[in-house]
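Taking the working numbering, the leading residue of the sequence shown gets 3, the next gets one more, and so forth.
In this text, a Cβ means the ideal position worked out from N, Cα and C, and glycines have one as well.
Computed from a predicted structure; not experimentally measured.
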Amino acid sequence: MAGIYIHIPFCKKACSYCNFHFSTSMVLYDRMIEAIKKEIIIRSKNCNDEIETIYYGGGTPSLLKTKDLNDIFESIENNYRLSKNPEVTIEANPDDLTKSKLKSLSTTKINRISLGIQTLDDDALKFMKRVHSSKQSIESIENSLVFFKNLSIDLIYGIPNSGLQSLDKDLRLLQYYDIKHVSTYALTVESKTLLEYQINKNLITMPSDDEIHRYYMHINSFMTNEGYINYEMNSYAKNGFYSKNNSGYWLRKKYIGIGPSAHSYDGISRSWNISNNAKYISNINGDKLNSKREVLSKVDMYNEYVMTGLRTMWGVSTTYISKNFGEKFYEHFINGSKKHLKLNNLSKNGDLYTVSTKGRFLTDGIAAELFLIKLK
Numbered sequence: 003m004a005g006i007y008i009h010i011p012f013c014k015k016a017c018s019y020c021n022f023h024f025s026t027s028m029v030l031y032d033r034m035i036e037a038i039k040k041e042i043i044i045r046s047k048n049c050n051d052e053i054e055t056i057y058y059g060g061g062t063p064s065l066l067k068t069k070d071l072n073d074i075f076e077s078i079e080n081n082y083r084l085s086k087n088p089e090v091t092i093e094a095n096p097d098d099l100t101k102s103k104l105k106s107l108s109t110t111k112i113n114r115i116s117l118g119i120q121t122l123d124d125d126a127l128k129f130m131k132r133v134h135s136s137k138q139s140i141e142s143i144e145n146s147l148v149f150f151k152n153l154s155i156d157l158i159y160g161i162p163n164s165g166l167q168s169l170d171k172d173l174r175l176l177q178y179y180d181i182k183h184v185s186t187y188a189l190t191v192e193s194k195t196l197l198e199y200q201i202n203k204n205l206i207t208m209p210s211d212d213e214i215h216r217y218y219m220h221i222n223s224f225m226t227n228e229g230y231i232n233y234e235m236n237s238y239a240k241n242g243f244y245s246k247n248n249s250g251y252w253l254r255k256k257y258i259g260i261g262p263s264a265h266s267y268d269g270i271s272r273s274w275n276i277s278n279n280a281k282y283i284s285n286i287n288g289d290k291l292n293s294k295r296e297v298l299s300k301v302d303m304y305n306e307y308v309m310t311g312l313r314t315m316w317g318v319s320t321t322y323i324s325k326n327f328g329e330k331f332y333e334h335f336i337n338g339s340k341k342h343l344k345l346n347n348l349s350k351n352g353d354l355y356t357v358s359t360k361g362r363f364l365t366d367g368i369a370a371e372l373f374l375i376k377l378k
């Protein structure tokens with residue numbers, strides 16, 4: 003099984019915190035759609051796996067015309083083996099999801115919406131340079147639920163001058179509308195963003211690590227009490243509504259990245275396309291992928307297994323480590339994990355190690371301590 007990720011590199015406006023590849027100019031829109039369809043065909047020649055997920059990310063995929071969504075899906079359908087009921091997700095901004103837009107989307111093969119609400123705090127939305135308002139967020143949720151049963155919402159916490167009261171308002175929204183899947187992210191300072199500039203110029207102060215930890219645990223407690231399963235560090239779902247796309251990534255399933263800056267993984271290597279719209283189009287029109295590729299070493303694969311496994315409820319299996327990487331890797335993990343078992347940051351059930359609720363906020367640090375730098 004494998005997935006296809008399609009990067010749509012267009013946005014109406016640059017958010018203050020985002021360093022993903024995108025353009026606010028739509029001049030290359032038509033040529034980009036044609037290039038994406040062509041890359042889909044080019045990459046199909048090296049894919050024998052059945053496709054179980056298709057994910058339109060960005061950028062802002064909800065800017066796509068319905069005809070183009072249908073054409074892209076048709077290109078996939080004609081060149082790949084699809085599973086019986088593939089999960090087809092589109093990321094969307096609230097301001098795009100009018101009733102007419104959603105009605106149109108419901109006629110396509112899309113069966114899951116990932117909605118970037120981020121917060122209901124209008125001041126925080128303005129601070130992050132988001133285009134939509136809290137009113138549009140509410141309307142987009144209500145409109146989405148008319149046409150789609152499988153709705154996911156993204157929330158951001160740790161926004162300057164936006165505390166627990168604002169966070170509780172966001173969480174109550176999930177409760178009121180019985181949202182089936184939620185992804186929560188702490189606002190992160192990325193390089194070459196307006197947010198980084200504001201911090202460097204001392205124009206704003208970010209919440210402390212202790213505050214972020216408090217917000218994270220508050221979210222975790224609320225979501226657990228509401229019956230959500232914390233299947234991945236930042237993802238919560240009602241039973242039966244795990245994101246197949248997200249789960250595939252954390253379970254290290256293969257995926258094909260289509261579009262500028264898109265990444266691919268084939269089980270032994272990772273590759274990524276150029277992050278330039280014009281050059282990407284030129285490459286594809288010349289029948290050249292021109293992507294960079296990194297072949298993963300045994301140490302790389304072990305480290306990735308530990309990192310992805312500890313972030314999920316499926317954890318890390320020492321039997322798997324021993325079988326697939328060898329005794330030196332097994333011994334390294336066993337010895338390194340003892341400290342965190344004593345601290346109750348890790349839980350052990352047979353050969354399976356998972357991060358406890360207490361240690362969840364420290365997951366990346368715990369994983370890093372269990373990494374191998376090189377095989378001795």
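Considering only their Cβ atoms, is the gap separating S349 from S358 smaller than 7 Å? Note that the C-beta distance between S358 and S349 is below 7 Å.
V301 (DSSP reduced to helix, strand or coil): Three-state DSSP puts V301 in a helix.
Report the partner residues of H9 according to the DSSP bridge assignment. Paired residue(s): G59.
Mind checking Y217: buried by the 16 CB within 10 Å criterion, or exposed? With 16 or more other Cβ atoms within 10 Å, it is buried.
For Y7 versus A264, is the C-beta distance shorter than 7 Å? Yes, the pair counts as a contact, with Cβ atoms nearer than the cut-off.
Is the beta carbon of P11 less than 7 Å from the beta carbon of G61? Annotated as proximal: P11 and G61, with beta-carbon spacing under 7 Å.
Short Cβ contact (7 Å threshold) for V297 with S271: Less than 7 Å separates the beta-carbon of V297 from that of S271.
K294: which of I53, P209 and N285 sits nearest, CA to CA? For K294, the closest alpha carbon among the candidates I53, P209 and N285 is that of N285.
How big is the Cα-Cα spacing for V191 and A369? Whole-angstrom Cα-Cα distance: 21 Å.
Alpha-carbon spacing of I375 relative to L253, whole angstroms: About 22 Å.
Closest Cα partner of P162 within the set E234, A126 and S319: Minimum Cα distance to P162 is reached at A126.
By DSSP, does K325 sit in helix, in strand, or in coil? If DSSP states are grouped into helix, strand and coil, K325 belongs with the helices.
Exposed or buried, E76, counting other C-beta atoms within 10 Å across all chains shown (16 or more means buried)? E76 should be labelled exposed.
Counted within 10 angstroms of its Cβ, other Cβ atoms place N42 as buried (16 or more) or exposed: The sequence shown places Ile at residue 42, rather than the Asn named in the question. A residue is called buried when at least 16 other Cβ atoms come within 10 angstroms of its Cβ; I42 meets this threshold and is buried.
Closest to G269 by C-alpha separation, out of G250, I260, Y282 and N279, would be which residue? G269 has its Cα closest to that of G250, out of G250, I260, Y282 and N279.
Rounded straight-line distance, which links the Cα of T310 to that of Y322: Y322 and T310 have their alpha carbons spaced roughly 14 Å apart.
Cβ neighbour criterion (16 or more within 10 Å) applied to T207: With fewer than 16 neighbouring CB atoms inside 10 Å of its own CB, T207 falls in the exposed class.
Specify, as a first and last residue, the run of the alpha helix (DSSP H) that I43 falls within. From DSSP, the alpha helix (DSSP H) with I43 extends over Y31 to S46.
Tell me L157's beta-bridge partners as DSSP assigns them. Answer is Q120 and T186, bridged to L157.
C-alpha distance - I92 paired with Y31, whole-angstrom precision: Going by the C-alpha atoms only, they are around 18 Å apart.
Look up H23 in the DSSP assignment and say whether it is helix, strand or coil. It is coil, neither helix nor strand.
Buried or exposed for R83, going by 16 or more other Cβ atoms inside 10 Å? Within a 10 Å sphere around the beta-carbon of R83 sit fewer than 16 other beta-carbons, which makes this residue exposed.
Within the present structure, is the beta-carbon of H134 separated from the nearest heavy atom of the ligand GTP by less than 6 Å? What this structure holds is no ligand at all, so the ligand GTP is not there to describe.
Who are K256's beta bridge partners in DSSP? DSSP lists A4 as partners of K256.
From the DSSP output, read off the bridge partner residues of V90. I56, per the DSSP bridge assignment.
Could you tell me the distance, in whole angstroms, from the CA atom of P262 to the CA atom of G367? Here the alpha carbon of P262 sits roughly 31 Å from the alpha carbon of G367.
So, with DSSP's three-state summary, where would you put S245? Of the three classes helix, strand and coil, the one that applies to S245 here is coil, per DSSP.
So within the region 193-242, which uninterrupted beta strand (DSSP E) runs reach at least 3 residues, ignoring any that extend past its ends? For the region 193-242, the full-length beta strand (DSSP E) segments reaching 3 residues or more read 231-234 and 237-239 along the chain.
Closest Cα partner of D97 within the set K15, K344, S46 and H220: Of K15, K344, S46 and H220, the smallest CA-CA separation from D97 is found for K15.
Are the beta-carbon atoms belonging to H9 and S277 less than 7 Å from one another? Inclusion of H9 and S277 in the CB contact set at 7 Å is not warranted, their separation being larger than that value.
Looking at the secondary structure, which residues open and close the alpha helix (DSSP H) in which N145 lies? For N145, the enclosing alpha helix (DSSP H) stretches over residues S136 to F149.
So A4 and Y257 are in contact, right, with Cβ under 8 Å, and what is the actual spacing, rounded? The pair is a contact, with the Cβ atoms about 6 Å apart (cut-off 8 Å).
Among residues of its own chain, excluding the 5 on either side of N21, which ones have a beta-carbon nearer than 7 Å to its beta-carbon? The answer, listed in chain order, is E192, S193, K194 and T195.
Would you kindly check if the distance between the Cβ of N72 and the Cβ of V90 is under 7 Å? Result no, Cβ atoms of V90 and N72 do not sit closer than 7 Å.
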